[in-house]
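Visitor: Okay, so the sequence shown: first residue is 1 according to UniProt numbering, each after it adds one.
We treat Cβ as the ideally placed atom computed from N, Cα and C, and that holds for glycine.
Note that the structure is predicted; figures quoted are calculated from it, not measured.
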Amino acid sequence: MKLLVTGGAGFIGSNFVIYMLNKYPNYQIINVDVLTYAGNLENLQVVQDHPNYSFVKADIVDEVVIDKLFQTGVDVVVNFAAESHVDRSIIDPGIFVKTNVQGTQVLLDAAKKYKVKKFVQVSTDEVYGSLGETGLFTEETPLAPNSPYSASKAGGDLLVRAYHETFGLPINITRCSNNYGPYHFPEKLIPLMIANALADKELPVYGDGLNIRDWLYVEDHCSAIDLVVHKGVNGEIYNVGGSNERTNIQIVKTILKELGKPESLIRYVEDRPGHDRRYGIDATKLTTELGWQPKHNFETGIRETIRWYLNNQEWWKRILTGAYQEYYNKQYAGR
Ligand code: NAD
Numbered sequence: 001m002k003l004l005v006t007g008g009a010g011f012i013g014s015n016f017v018i019y020m021l022n023k024y025p026n027y028q029i030i031n032v033d034v035l036t037y038a039g040n041l042e043n044l045q046v047v048q049d050h051p052n053y054s055f056v057k058a059d060i061v062d063e064v065v066i067d068k069l070f071q072t073g074v075d076v077v078v079n080f081a082a083e084s085h086v087d088r089s090i091i092d093p094g095i096f097v098k099t100n101v102q103g104t105q106v107l108l109d110a111a112k113k114y115k116v117k118k119f120v121q122v123s124t125d126e127v128y129g130s131l132g133e134t135g136l137f138t139e140e141t142p143l144a145p146n147s148p149y150s151a152s153k154a155g156g157d158l159l160v161r162a163y164h165e166t167f168g169l170p171i172n173i174t175r176c177s178n179n180y181g182p183y184h185f186p187e188k189l190i191p192l193m194i195a196n197a198l199a200d201k202e203l204p205v206y207g208d209g210l211n212i213r214d215w216l217y218v219e220d221h222c223s224a225i226d227l228v229v230h231k232g233v234n235g236e237i238y239n240v241g242g243s244n245e246r247t248n249i250q251i252v253k254t255i256l257k258e259l260g261k262p263e264s265l266i267r268y269v270e271d272r273p274g275h276d277r278r279y280g281i282d283a284t285k286l287t288t289e290l291g292w293q294p295k296h297n298f299e300t301g302i303r304e305t306i307r308w309y310l311n312n313q314e315w316w317k318r319i320l321t322g323a324y325q326e327y328y329n330k331q332y333a334g335r
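As structure tokens, this is what we get:
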């Protein structure tokens with residue numbers, strides 16, 4: 001099997017490449033990534049010399065390069081490549097539309113032209129919008145994205161769906177809740193709070209801190225995508241989530257407790273515009289139809305994650321000294 005993974009130098013993509021090469025050492029994996037601020041080849045050190053792994057630095061929007069890549073023969077595409085940070089999409093929506101919508105279309109055209117056996121679009125529960133206090137997102141929940149990020153992901157998803165309906169392309173869309181685990185870029189809630197707490201810096205919490213996210217350990221997301229690649233019924237959407245709803249402030253307090261740091265480090269800051277209140281995933285279809293079961297419960301997963309960030313401080317410290325620092329200062333300046 002020859003697998004083209006896009007965005008494989010990012011958080012989930014790199015975990016997925018490592019997961020797949022460990023589980024299927026005979027599969028050939030081509031990682032295509034343009035290496036934006038979020039792409040980091042260091043994440044892939046453990047597989048960089050694997051005989052069946054190769055890396056190509058390319059933009060998924062570049063149809064000439066993408067076409068050439070597909071000419072080499074691709075069985076399955078797993079599309080992780082995206083601009084992925086909601087806050088950045090509020091500052092600069094254009095690049096989100098370019099990568100998440102146009103980039104997806106370029107990949108779909110190549111997948112159609114070269115008749116790939118499967119195209120898996122890795123999407124997010126954020127395309128469904130926000131929940132009230134009760135209920136869960138199912139695959140039938142209408143799309144109602146609230147941020148430029150989620151709107152661009154919904155746009156990509158709709159194109160994927162359309163290529164199935166119009167051209168019969170064998171596709172699946174997965175919609176996952178918030179991931180956490182190793183190699184998570186330190187602008188996202190959990191690694192940001194760990195890094196700040198370790199440096200005794202303030203922990204910025206949006207609004208009242210009561211927004212709810214449904215957390216899933218990244219390896220469990222990888223195992224779900226693995227199942228969809230092999231067993232997903234063409235044209236179907238699968239929600240992925242571990243039934244671990246937590247408020248943001250619960251997460252922050254858990255991290256402080258684990259690290260032995262005081263809650264006085266918490267600083268409430270002005271809420272994110274259009275901030276979705278609650279996400280909650282119903283993953284029944286994936287568990288009953290494809291037999292998926294997450295392995296990690298949140299309490300052990302978050303401890304393992306905190307330990308990983310403690311043991312890999314060089315990794316995130318190198319990131320924090322670069323371009324991200326500039327963005328962080330702008331984002332939280334004067335709050
Ligand atoms: P990430 O930002 O860590 O990684 C994205 C990767 O895509 C980076 O390596 C980046 O260099 C690459 N990339 C960006 N633009 C590109 C382009 N034009 N061409 C080629 N490569 C490009 O993101 P992540 O958190 O790993 O998320 C991966 C996917 O999973 C995204 O599609 C995201 O929408 C989806 N998702 C993420 C979460 C989450 O909690 N992180 C949850 C559900 C779904």
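(1) Looking at the structure shown, is E139 part of a helix, part of a strand, or coil, going by DSSP?
(2) Does the count of Cβ pairs from the stretch 201 to 218 and the stretch 278 to 293 closer than 8 Å reach three?
(3) So, with DSSP's three-state summary, where would you put Q28?
(4) Taking C-beta to C-beta, are E126 and D220 nearer than 8 Å?
(5) To the nearest angstrom, how far is the alpha carbon of F185 from that of Q331?
(6) Please check the pair N31 and F55, which I expect to be a contact at CB under 8 Å, by giving their CB distance rounded to whole angstroms.
(7) Measuring straight from C-alpha to C-alpha, what distance separates L198 and V86?
(8) Suppose you measure from the CA of T134 to the CA of L35; what does that come to, to the nearest Å?
(9) So, helix, strand or coil for P204, using DSSP?
(10) Between which two residues does the alpha helix (DSSP H) carrying K112 extend?
(11) If we call anything under 8 Å between Cβ atoms a contact, is L203 one with V252?
(12) Using beta-carbon positions only, say whether F119 and V77 come within less than 8 Å of one another.
(13) Is the beta carbon of P294 sitting closer than 8 Å to the one on G242?
(14) Alpha helix (DSSP H) containing T284: first to last residue?
(15) State yes or no: is the C-beta of I306 within less than 8 Å of the C-beta of I237?
(16) Give me the residue from K115, T138, E42, P142 with the minimum Cα distance to N312.
(17) What does the alpha-carbon distance come out to for the pair P170 and D75?
(18) Based on the DSSP output, what are the partners of T124 in its beta bridges?
(19) Please state whether DSSP places K118 in a helix, a strand or coil.
(20) Can you grab the Cα-Cα spacing for the pair M20 / N248, in whole Å?
(21) Give the single residue among A144, A38, R161, D59 whose Cα lies nearest to the Cα of G274.
(22) Quick check on the DSSP output: the beta strand (DSSP E) that includes N239 runs from which residue to which?
(23) Is it buried or exposed, S150, if we count other Cβ atoms within 10 angstroms and call 16 or more buried?
Guide: Answer, in terms of the structure:
(1) It is coil, neither helix nor strand.
(2) Judged by Cβ distances under 8 Å, the stretch 201 to 218 makes contact with the stretch 278 to 293, as three or more pairs qualify.
(3) Strand at Q28.
(4) no
(5) 16 Å
(6) 5 Å
(7) 25 Å
(8) 39 Å
(9) strand
(10) In the DSSP assignment, K112 falls within the alpha helix (DSSP H) that extends over 104 to 113.
(11) Cβ atoms of L203 and V252: closer than 8 Å.
(12) The criterion of a C-beta distance shorter than 8 Å is satisfied by F119 and V77.
(13) yes
(14) From DSSP, the alpha helix (DSSP H) with T284 extends over 284 to 290.
(15) Inclusion of I306 and I237 in the CB contact set at 8 Å is not warranted, their separation being larger than that value.
(16) E42
(17) 11 Å
(18) Listed as beta-bridge partners of T124 by DSSP are C176.
(19) strand
(20) 31 Å
(21) Distances from the CA of G274 to each of A144, A38, R161, D59 were compared; the closest alpha carbon is that of A144.
(22) Counting along the chain, the beta strand (DSSP E) containing N239 begins and ends at 237 to 240.
(23) buried
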